[in-house]
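Undergrad: First residue of the sequence shown? That's 3 in this note's numbering, and the numbers climb one at a time after it.
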Amino acid sequence: MVTAEWPRAVALHLTNIAALTHFAKVANIRPFVEMNRDHEQLLNSYNACIAALVKFRDIHLQVANRYILIQRANSNRDAVRQQGACEPRQVHINSKPRHGGLATAELSHENSDTAARGTGGTALLPFLKQIRDETCYSYA
Numbered sequence: 003m004v005t006a007e008w009p010r011a012v013a014l015h016l017t018n019i020a021a022l023t024h025f026a027k028v029a030n031i032r033p034f035v036e037m038n039r040d041h042e043q044l045l046n047s048y049n050a051c052i053a054a055l056v057k058f059r060d061i062h063l064q065v066a067n068r069y070i071l072i073q074r075a076n077s078n079r080d081a082v083r084q085q086g087a088c089e090p091r092q093v094h095i096n097s098k099p100r101h102g103g104l105a106t107a108e109l110s111h112e113n114s115d116t117a118a119r120g121t122g123g124t125a126l127l128p129f130l131k132q133i134r135d136e137t138c139y140s141y142a
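#1: Would you call PRO9 buried or exposed, if buried means 16 or more other Cβ atoms sit within 10 Å of its Cβ?
#2: Do the region 124-139 and the region 50-65 touch if we need at least three Cβ pairs shorter than 8 Å?
#3: The alpha helix (DSSP H) with ARG59 in it runs from where to where?
#4: Would you call the CB atoms of ALA142 and VAL56 closer than 7 Å?
#5: Write down the C-beta distance between ASN76 and LEU127 rounded to the nearest angstrom, noting that I regard them as a contact closer than 8 Å.
#6: Give the secondary structure of ALA20 by DSSP, where H, G and I count as helix, E and B as strand, and everything else as coil.
#7: Taking the C-alpha atoms as reference points, what is the distance between ALA20 and ALA26?
#8: Tell me which residues share the same chain as ARG1 and place their Cβ nearer than 7 Å to its Cβ, disregarding the 5 neighbours each side in the sequence.
#9: Under three-state DSSP, which class holds ALA26?
#10: Determine the burial state of TYR69: buried for a count of at least 16 other Cβ atoms within 10 Å of its Cβ, exposed for fewer.
#11: Could you have a look at ALA13 and say whether DSSP puts it in helix, strand or coil?
#12: Excluding sequence positions up to five away, which residues of its chain have a Cβ less than 6 Å from the Cβ of HIS24?
In structure tokens:
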């Protein structure tokens, strides 16, 4: 839900992203860890941090899905109902199931024009998945 605090929250989020981008350029410890692989405690600590970051990114992906994408879908559904374009359908108990009674699903990618976008303008879920996957490659 968009509130009066929304613009401030977005601005703060963008500031945090800018800060993280800067830190990524100046504070990369991975080369140091790789040069000191014989220091077991350093290597284990670094890898534990990467594991925690991967876990955080997994949870962030779940939160984005639950609280942004699902809410967006619900609000779109409610808007369609308010316009009267979607009338409740009657279910006939005696009707035969389609597709031989098997559940079927078809996965489709959202149109790039309608895909949920992050604050940077990228498609939200593919971006978060890419960041999580790239983090997995950071183990030393």
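For every residue, glycine included, the Cβ atom is placed at its ideal position computed from N, Cα and C.
These figures come from a predicted structure and were not determined experimentally.
TA: In short, the structure shows the following:
#1: Taking the sequence shown and counting its residues from 1, the one referred to as residue 9 is at position 7. By the 10 Å Cβ count, PRO9 comes out exposed.
#2: yes
#3: As a working note, residue 59 is residue 57 in the sequence shown. Its alpha helix (DSSP H) spans residues 42-66.
#4: Working through the sequence shown from its first residue, we reach residue 142 at position 140. Working through the sequence shown from its first residue, we reach residue 56 at position 54. No, the Cβ-Cβ distance between ALA142 and VAL56 is not below 7 Å.
#5: Residue mapping note: residue 76 aligns to position 74 of the sequence shown, counting from 1. Residue mapping note: residue 127 aligns to position 125 of the sequence shown, counting from 1. About 17 Å; that fails the 8 Å criterion.
#6: Reading the sequence shown from its first residue, position 18 is the one you call residue 20. Helix.
#7: Position 18 of the sequence shown holds residue 20. Position 24 of the sequence shown holds residue 26. One C-alpha to the other measures close to 10 Å.
#8: No answer is possible for residue 1: it lies beyond the span of the chain, which begins at 3 and ends at 142.
#9: In the sequence shown, residue 26 corresponds to position 24, counting from 1. Three-state DSSP puts ALA26 in a helix.
#10: Against the sequence shown, residue 69 aligns to sequence position 67. TYR69 is exposed by the Cβ-count criterion.
#11: What you label residue 13 is simply residue 11 of the sequence shown in a count that begins at 1. Correct three-state label for ALA13: helix.
#12: The residue labelled residue 24 in the question sits at position 22 within the sequence shown. Excluding residues within five positions, none has a Cβ falling inside 6 Å.
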